[in-house]
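The numbering of the sequence shown is my numbering, which starts it at 0 and goes up by one.
Every residue, glycine too, gets a C-beta built ideally from N, C-alpha and C.
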Amino acid sequence: MEPFTRRAKGNRTDFEKGVLYGMTDTYTLQKGSNYYSPFWFRTFRYIRLTITTPVSNAPVSINSFTYRSAHYPLQVRTEIQTSDALTRKLWDISVNTLRNCMHETYEDCPFYEQNQFAMDTRSMILFTYLLSRDDRLARKAMQEFYATRREDGLIETHSPCPGRSTNIPTFSLFWVLMVWDHMVHFGDEVLVRNYLGTVDGVLNFFHERINPDTGLVGQFDQDTWAFVDWVDGWATPSKGFWGLAVPPAYHKTGSATYHSLVYAYVLSKAGELCRFIGRHDTSREYVGRRNKLIQAVKAHCFDEETGFFLDGPGTHGEIKREEHGLVKASFALGFYVFRAVSLAEVYEECWSTLIQPWEKMVADNLTTWAESESMTRSDCHGWSATPLMVKMGETKLS
């Protein structure tokens, strides 16, 4: 299979210039009738069938060539009525993307890793709640991550996991958000009580890594990955793989603003979980921690000259918008970008700009959303089904 870094994808229906890449199955025919089906599902847009027969062999005839879809039996209950062709495509492609990233687990993606990652899964669970009242796969996902809890308080970054894997600490925070999301949508007190001890452990991991001088979340252990987002230009070559998708400020200053802000956000949601089951003292503690973090971020990471929060503390003046531009979030955090502009009440002004990457994918005739704008790799990634949340979560009812 050709490495994805060498590919240049465009119109996915260009059968004249396009080149097919993917898995290959080779089957040797026996005399008489033959039936073949692979032992695991295949992910594809097109299939090439090649038949090779030696001259001395009898001719081969194909009586049937079929395929069937394989995914979680998601029953979509939410529908939209629209005369706008783009809106219709945004919706249909998003539903198709999510459905194809749901099997016995949530996964990104069905072609490559087929792994259930915590950050990705949180978004896909929210998309599921918008379409259906079925929370079975969501409950299963929360339980599978819960079963991976570690001595340091974190959960594993993806689960099920056949062996040792790289841990991304902030992904454990997204698992906490899964529990909060379920509380908001279903109000299951038993589920919250079952997981709250692990929630405490995750939050304690981050609390123990607060820098006493700044009040910000500091650096994580050397064998973990401080992943934030697949942003173009975010790489520290001296750190090798660990320097990818991490703001350089993290390695320069010992802190990334993002880590503190996500931890602060999750503290507030954990406080709500505690109040939900009557743990009011713990709730107040978590809210207090959250308030201190926000104060520290404002004190050390806000540039009054530009009006922007910077990637890390003490980097004032290093990054100017007019000199280097603001970094652009990838599809991985696209959902949160739309939520941010909504909360800032600039949704209408930003809509045409933010939706452009999805419009480009529609123009390129994708039937599922791609993993990234810049990485020509996966053409089906659940975290990119953001238009589901945009169309339903941000719709104003008149």
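query = Leaving out the 5 sequence neighbours to the left and right, which residues in its chain are closer than 6 Å to residue 293 when beta-carbon positions are compared?
reply = The beta carbon of residue 293 sits closer than 6 Å to those of 263, all from its chain and outside the five residues before and after it, given in chain order.
message = Starting from residue 106, trace the alpha helix (DSSP H) in both directions and tell me its first and last residue.
response = Counting along the chain, residue 106 falls outside any alpha helix (DSSP H), and DSSP gives it neither H nor E.
key: Contact belief for residue 202 with residue 269 at Cβ below 8 Å, rounded distance in angstroms   = 6 Å
query = From which residue to which residue does the alpha helix (DSSP H) around residue 72 run?
reply = From DSSP, residue 72 is part of no alpha helix (DSSP H); its letter is neither H nor E.
query = Going by beta carbon distance, what residues of the same chain come within less than 6 Å of residue 98, once the five residues before and after it are set aside?
reply = 70 and 73
ask   = With distances taken from CA atoms, which of 383, 231 and 259 is nearest residue 373?
value = Closest by alpha carbon: 231.
request  = Select from 123, 163, 271 and 326 the residue whose C-alpha is nearest the C-alpha of residue 101.
outcome  = Closest option to residue 101, Cα to Cα, is 123.
ask   = Nearest to residue 325 by alpha carbon, out of 233, 273 and 104?
value = 233
inquiry  = So within the region 283–353, which uninterrupted alpha helix (DSSP H) runs reach at least 4 residues, ignoring any that extend past its ends?
reply    = 320–323, 333–342 and 346–353
ask   = What did DSSP end up calling residue 184 once you bin it into helix, strand or coil?
value = Reduced to three states, the DSSP call for residue 184 is helix.
Those runs of the alpha helix (DSSP H) which lie wholly inside the region 106–187 and span at least 4 residues = Entirely contained in the region 106–187, the alpha helix (DSSP H) runs reaching 4 residues are, in chain order, 117–130, 135–145 and 168–185.
query = Taking DSSP as the reference, what is the three-state secondary structure of residue 252?
reply = Per DSSP, reduced to three states, the secondary structure at residue 252 is helical.
task = Please go through the same chain and pick out, in chain order, the residues whose beta-carbon is closer than 8 Å to the beta-carbon of residue 334, but skip the five residues on each side of it.
result = 122, 125, 382, 385 and 388
query = If you count every other CB in all the chains shown that lies within 10 Å of the CB of residue 279, and 16 or more means buried, which is it?
reply = exposed
inquiry  = Taking its Cβ as the centre, do 16 or more other Cβ atoms sit within 10 Å of residue 160, making it buried, or is it exposed?
reply    = exposed
ask   = CB-CB under 7 Å to residue 367, same chain, minus the five flanking residues each way: which ones, in chain order?
value = Hits under 7 Å: 92, 95, 96, 99, 378 and 379.
message = Distance check for residue 187 and residue 209, CA to CA, integer angstroms please.
response = For residue 209 and residue 187, the distance between alpha carbons rounds to 32 Å.
query = For the candidate residues 67, 223 and 86, whose alpha-carbon lies nearest to that of residue 163?
reply = 223
task = Determine which residues share a DSSP beta bridge with residue 223 and list them.
result = 166
task = Report all residues from its chain with a CB closer than 7 Å to the CB of residue 206; omit the five preceding and five following residues, and keep chain order.
result = 288
Neighbourhood of residue 133 by C-beta, 6 Å cutoff - its chain only, sequence neighbours within 5 removed = Once the five neighbours on either side are set aside, residue 133 has no close Cβ partner at all.
ask   = Across which residues does DSSP place residue 209 in a beta bridge pair?
value = In DSSP, residue 209 forms a bridge with 216.
ask   = Looking only at C-alpha atoms, which of 347, 331 and 158 sits nearest to residue 139?
value = 158
query = Are the beta-carbon atoms of residue 256 and residue 309 separated by less than 8 Å?
reply = Yes.
task = Taking only the alpha-carbon atoms, compute the straight-line gap between residue 13 and residue 369 and give it to the nearest angstrom.
result = Pairing residue 13 with residue 369, the inter-Cα distance amounts to about 17 Å.
ask   = For residue 18, does the three-state DSSP call read helix, strand or coil?
value = coil
ask   = To the nearest whole angstrom, what separates the beta carbons of residue 9 and residue 228, a pair I think is in contact under 8 Å?
value = Separation of the CB atoms of residue 9 and residue 228 is rounded to 25 Å, and the pair is thereby denied contact status at 8 Å.
ask   = Buried or exposed: which applies to residue 180, given that a residue is buried once 16 or more other Cβ atoms fall within 10 Å of its Cβ?
value = buried
ask   = What's the C-alpha gap between residue 248 and residue 213?
value = 15 Å
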